[in-house]
Amino acid sequence: MEYECECHGGLVHNDYVYSDRDNNCFKILEDLCKDLYKGFFLVNPWPERRFIINSKASYHGMAALIKDKSGKTNNHGLPIRYSVQCVFLKKTIFKPENFFDGVATYIHELCHMFGGDSSETFSRGLTAAMEIILKNTDTVQKAQKNGWRHSYETNKREPYQISQFLFHQQKDNREKRRLHRGYQMALHQI
Ligand SMILES: [Zn+2]
Numbered sequence: 001m002e003y004e005c006e007c008h009g010g011l012v013h014n015d016y017v018y019s020d021r022d023n024n025c026f027k028i029l030e031d032l033c034k035d036l037y038k039g040f041f042l043v044n045p046w047p048e049r050r051f052i053i054n055s056k057a058s059y060h061g062m063a064a065l066i067k068d069k070s071g072k073t074n075n076h077g078l079p080i081r082y083s084v085q086c087v088f089l090k091k092t093i094f095k096p097e098n099f100f101d102g103v104a105t106y107i108h109e110l111c112h113m114f115g116g117d118s119s120e121t122f123s124r125g126l127t128a129a130m131e132i133i134l135k136n137t138d139t140v141q142k143a144q145k146n147g148w149r150h151s152y153e154t155n156k157r158e159p160y161q162i163s164q165f166l167f168h169q170q171k172d173n174r175e176k177r178r179l180h181r182g183y184q185m186a187l188h189q190i
């Protein structure tokens, strides 16, 4: 098994007793991605849910991967290189104000099916994933409003914050410029 968004032994705890609320928020991220990314993220079965409970961990998420040699490509022509077995998310993501962080991190981890953090295919995956978010801002807002910690007021800019978050993770400069253009255009629309 390989891990992306490298982490060190002992920081991931699978024996953590999840609260219903944390579990529910995790499920909201999963359902949103299942809905938005049909044919884009090829995942079967859907990755298992794991929490990172060390609040000092510098990363927000991690993916456990095994090589996929089937040669499949998704509906954007991106090659599937790995099967994502588990997605780990830092427990601190599950706060009312961290919805966008949760969505962006979850998407980032799923994009590892296309390759490692600095691979070209991973970068292309992030860009396409962001474009899909920007085309579906209503769906994203609905997921936040209807499920994510009720105390938090809906923020219209949230989907754009998700894009910005993905932008900062992009390591490929050409993709970075594309993302930036898409983001600027989307901002003009609100
Ligand atoms: Zn990563």
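Per this note's numbering, the sequence shown starts with residue 1, numbered consecutively.
Beta carbons are placed, not taken as given, at the ideal position from N, Cα and C, and that holds for glycine.
>> Per the DSSP calculation, Val-43 is bridged to which residue(s)?
In response: Translated into positions along the sequence shown, residue 43 becomes position 43. According to DSSP, which records beta bridges pairwise, Val-43 is partnered with nothing at all.
> Start and end of the alpha helix (DSSP H) containing Lys-91?
Replying inline: Locating residue 91 in the sequence shown gives position 91, where the first residue counts as 1. Looking at the DSSP string, Lys-91 is not in any alpha helix (DSSP H), and its letter there is neither H nor E.
>> With a threshold of 8 angstroms, are at least 3 pairs of Cβ atoms found where one atom belongs to the stretch 28-42 and the other to the stretch 88-107?
In response: yes
> Closer than 7 angstroms: is that where the CB of Asp-117 sits relative to any heavy atom of ligand 1?
Replying inline: On the sequence shown, position 117 is the one that residue 117 refers to. Indeed, a heavy atom of ligand 1 lies less than 7 angstroms from the Cβ.
>> Please determine whether the Cβ atom of Cys-5 lies at a distance below 7 angstroms from any heavy atom of ligand 1.
In response: Here residue 5 refers to the residue found at position 5 when the sequence shown is read from its first residue. Flag set: Cβ of Cys-5 near ligand 1.
> To the nearest angstrom, how far is it from the Cα of Ala-64 to the Cα of Leu-78?
Replying inline: Here residue 64 refers to the residue found at position 64 when the sequence shown is read from its first residue. Here residue 78 refers to the residue found at position 78 when the sequence shown is read from its first residue. The alpha-carbon atoms of Ala-64 and Leu-78 are separated by roughly 20 angstroms.
>> Are there any heavy atoms of ligand 1 lying less than 7 angstroms away from the beta-carbon of His-60, as far as the coordinates show?
In response: Locating residue 60 in the sequence shown gives position 60, where the first residue counts as 1. Relative to ligand 1, the beta carbon of His-60 is positioned no closer than 7 angstroms to any heavy atom.
>> Once the 5 residues before and after Asn-23 are set aside, which same chain residues still bring their CB inside 8 angstroms of it?
In response: Walking along the sequence shown from the start, residue 23 turns up at place 23. Residues Arg-49 of the same chain have their beta carbon placed closer than 8 angstroms to that of Asn-23, with the five preceding and five following residues left out of the count.
> Under the rule that 16 or more other beta-carbon atoms within 10 Å means buried, what is Ile-162, buried or exposed?
Replying inline: The residue given as residue 162 occupies position 162 in the sequence shown. Flag for Ile-162 reads buried.
> Is it the case that the CB of His-76 approaches a heavy atom of ligand 1 more closely than 7 angstroms?
Replying inline: The residue labelled residue 76 in the question sits at position 76 within the sequence shown. Ligand 1 never approaches His-76 closely enough for any of its heavy atoms to be under 7 angstroms from the residue's Cβ.
>> Within a Cβ cutoff of 6 angstroms, which residues of the same chain sit near Arg-178, ignoring the five residues on either side of it in sequence?
In response: The residue you call residue 178 lines up with position 178 of the sequence shown. Non-local beta-carbon contacts of Arg-178 in its own chain, meaning distances under 6 angstroms to residues more than five positions away in sequence, involve Thr-127 in chain order.
> Where does Tyr-106 fall in DSSP's three states?
Replying inline: The sequence position of residue 106 within the sequence shown is 106, counting from 1. It is helical.
>> Considering only the alpha carbon of each residue, which of Lys-142, Gly-115, His-60 and Lys-69 lies closest to Asn-98?
In response: Here residue 98 corresponds to residue number 98 of the sequence shown, with the count starting at 1. Closest by alpha carbon: His-60.
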